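Inspection log for the structure reproduced underneath, given as structure tokens.
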Amino acid sequence: MAKNKSGQGSRKTETLTLRLDPKVKMMIELISRIRRQSITGVVEAAIEEVAYDTGVPYFDDGRINNHPLGSILSDVWSTDESERFINMSYRFPTLLTYEEQRIWETIKSSAVFLRSASTSLSTDWEIEAIGALDREMIRRYWDLLLEHVEENRDSRTIIPFKPPH
Numbered sequence: 008m009a010k011n012k013s014g015q016g017s018r019k020t021e022t023l024t025l026r027l028d029p030k031v032k033m034m035i036e037l038i039s040r041i042r043r044q045s046i047t048g049v050v051e052a053a054i055e056e057v058a059y060d061t062g063v064p065y066f067d068d069g070r071i072n073n074h075p076l077g078s079i080l081s082d083v084w085s086t087d088e089s090e091r092f093i094n095m096s097y098r099f100p101t102l103l104t105y106e107e108q109r110i111w112e113t114i115k116s117s118a119v120f121l122r123s124a125s126t127s128l129s130t131d132w133e134i135e136a137i138g139a140l141d142r143e144m145i146r147r148y149w150d151l152l153l154e155h156v157e158e159n160r161d162s163r164t165i166i167p168f169k170p171p172h
């Protein structure tokens, strides 16, 4: 994921650098001229088209079914990184990288992130044998959670996160 430069805060767009075959680059430039679109617009349109043609294993109602990525992305997308992560982890568990699996397993094993009587903002879905998650606590401790997982990356077991007192 692209990172913002310090001092920029949240941005509405991200920068992506690509290495393209010169022939493909020329093709994109010609399409942009023909359609009177920017190169960015051509690339975005092509990716959206592929997204609607690409099936993704999507977890819902206790089962994994294939759905077109373009039609279900809104179930996962959020401008908040922690929210986006837990939605992706729940809905697309088979697509997680090893590092993402470690974060997800740490969340699920940490009592502070599980719904409790004081939870004001929980997930609208539950994890079998665990329950709902406390979205507000995950947001509050997101950066510290990522540091915790990184610090314990060499551990052979998941170390639950405990918030500082």
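Heads up, the sequence shown is in the working numbering, so the first residue is 8 and it goes up one at a time.
Yeah, the Cβ is synthetic: ideal placement off N, Cα and C, and Gly gets one too.
These figures come from a predicted structure and were not determined experimentally.
So, does the region 42–60 touch the region 103–111, judging by three or more C-beta pairs under 8 Å? no
Exposed or buried, which one is HIS155 when buried takes at least 16 other CB atoms within 10 Å? buried
Distance, Cα to Cα, LYS169 vs TYR105? 22 Å
Could you tell me whether the region 63–73 touches the region 37–52, where touching means 3 or more Cβ pairs closer than 8 Å? no
Range of the contiguous alpha helix (DSSP H) that encloses GLY48: 46–60
Could you have a look at ASN72 and say whether DSSP puts it in helix, strand or coil? strand
So GLU36 is in the alpha helix (DSSP H); what residue range does that whole segment cover? 29–42
Name the DSSP beta bridge partners of SER129, please? ASP141
If we ignore side chains and look at the alpha-carbon of each, how far apart do SER129 and ASP87 end up? 15 Å
Candidates SER127, MET33 and ILE134, of which the one nearest ARG146 by Cα: SER127
So for MET8, helix, strand or coil by DSSP? With a pLDDT of 44 at MET8, under the threshold of 50, the modelled position of this residue cannot be trusted; read the value that follows with caution. It is coil, neither helix nor strand.
Counting only the same chain and skipping the five closest in sequence on each side, list residues whose C-beta sits under 8 Å from that of ARG98. TYR65, PHE66, ASP67, ILE79, ASP82 and VAL83
For PRO64, three-class secondary structure by DSSP: strand
Option nearest GLY69 by Cα separation, candidates MET144, GLU133, ILE54 and VAL119: GLU133
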